[in-house]
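Remarks on the structure that follows.
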Amino acid sequence: MRRAQLTINSVSTRHGGLEEALDAYANAGFTLVEFVLPQLKAYIAQGHTLDDTRALLARYNLQAIGGFETAIICFGSPEQQRANHDLLLNNARLIHELGGGTMVIGTDGPEQVTSDTLPIIAENVRDLARGMEGLQVAIAVEFNWSPVIKSLHSAVQVVQQVAHPQVGILFDPAHYYTTVTKFEHLTTEIVPLIKHVHLNDMRDKPGDLSNCNSDRVLPGQGVLDLRAIIARLEEFGYHGLYSIEMFNEDLWQLPAAQAAAQCYQSLLPLCSD
């Protein structure tokens, strides 16, 4: 992993507005930012244009590389599904207008899981991807952000069934640690399906007793062998971005500039340059 691949997910800090966040990220050393998309949309809703947003990013020498907002609805009413899919398509267009990147999504599930559940999810994700053709945006399905897709292997099954070049997997060490996913599951067949990677460490607690969000700590402060995970991903062909994504109350209590600096500094020992 190199410094040029380092990204910060804007959920990692608490800030009063977009300008404060971008100033914090740039001063910390980041050049790439992954957005909680409602934060971007709130800035635009205040009367700013897409050109204003691009100019603000340029002022801080930052590049937007995508973001997330919500899961795809595959089992709701037709009205719910239509509204949700329109929201996701509009989010993809926003990402595209800001330079392209990756849209991370979770998935919903039915009241009772059957053999048809994963194919139904795959069909809905495929339809979404087809609607995004022509946009410079990939979909990354996040395992464990779902009542059904609870492991890397179930995400693999869905992505393989989707069979669309703009669809892959979001790999997150927190979900790796708290699900049945194992290091040996990162194989030459599976790693090429990974579109995007989040980075974090986990507290010294058993994975099955850990919370995949609130038990995250900064890289180097937990029990995960992140060096080995990164090396495995790179060995089998992953050359994409690494976005630190923290849901950590201690970080959220800090000023955005201090929290962003801690995030960036925690990643440097993992870099080869």
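In our numbering, the protein residues as written are 377 to 649.
Built from N, CA and C at the ideal position, the CB exists for glycine as well.
Proximity winner among the options, relative to residue i (alpha-carbon distances)
i, options, result
"E396", "L609, L433, Q381, I448", "L433"
"V412", "G583, L398, V524", "L398"
"P523", "T563, S648, T478, G485", "G485"
"A635", "D591, H529, T493, N385", "N385"
"Q488", "G507, D503, F451, L463", "F451"
"H472", "G443, F612, T483", "G443"
"Q381", "G613, N624, L617", "L617"
"T563", "I448, V532, E518", "V532"
"A421", "G393, T446, V409", "G393"
"G583", "N466, L600, L465", "L600"
"Y436", "A418, E509, I449, V409", "V409"
"R591", "H615, H551, Y401", "Before going on, a small fix: residue 591 reads as Asp here, not Arg. It is H551."
"P495", "A633, Q536, N466, M622", "Q536"
"P541", "D649, M508, Q456", "M508"
"A607", "Y401, L630, T446, F559", "F559"
"I448", "E455, L438, L464, P454", "L464"
"N587", "A431, Y553, H561, H615", "Y553"
"D503", "K526, T446, T493, Q457", "Q457"
"L470", "L643, E445, A459", "E445"
"M622", "Y614, G613, K526, S642", "S642"
"L569", "L585, F519, T493", "F519"
"G477", "I515, L438, E455", "I515"
"N466", "G423, A431, K526, P414", "P414"
"F612", "H561, Y419, V387", "H561"
Distance CB(residue i)-CB(residue j) smaller than 8 Å
i, j, result
"G596", "R579", "no"
"P549", "N589", "no"
"V534", "A498", "yes"
"V543", "V513", "no"
"T389", "L627", "yes"
"I566", "L609", "no"
"C639", "R378", "no"
"T407", "L416", "no"
"S619", "T383", "yes"
"T490", "V517", "no"
"L546", "K571", "yes"
"A633", "N403", "yes"
"A468", "L511", "yes"
Integer-rounded CB distance, given that residue j should sit under 8 Å from residue i
i, j, result
"A440", "G475", "6 Å"
"V538", "A505", "7 Å"
"V573", "N624", "Not really, about 18 Å apart at Cβ, beyond 8 Å."
Beta-bridge pairing of residue i - partner residues as DSSP gives them
i, result
"V409", "I384, A440"
"V599", "Paired residue(s): none; V599 is not in a bridge."
"D580", "DSSP, once it has assigned bridges, lists no residue as partnering D580."
"S619", "T383, H574"
"R592", "M578"
"T483", "I448"
DSSP-derived helix/strand/coil call for residue i
i, result
"F547", "strand"
"A514", "strand"
"G507", "helix"
"V532", "helix"
"T429", "helix"
"T478", "strand"
"S491", "coil"
"C639", "helix"
"P523", "coil"
"I566", "coil"
"Y614", "coil"
"Q676", "Look at the range of the chain in this structure, 377 to 649, and you will see that residue 676 is not part of it."
"N403", "helix"
"P631", "coil"
"N334", "Here the chain has residues from 377 to 649 only, and residue 334 is not among them."
Contact test: residue i Cβ vs the ligand FAD heavy atom, cutoff 7 Å
i, result
"S586", "With respect to small molecules bound, the structure shown includes none, and the ligand FAD cannot be examined in it."
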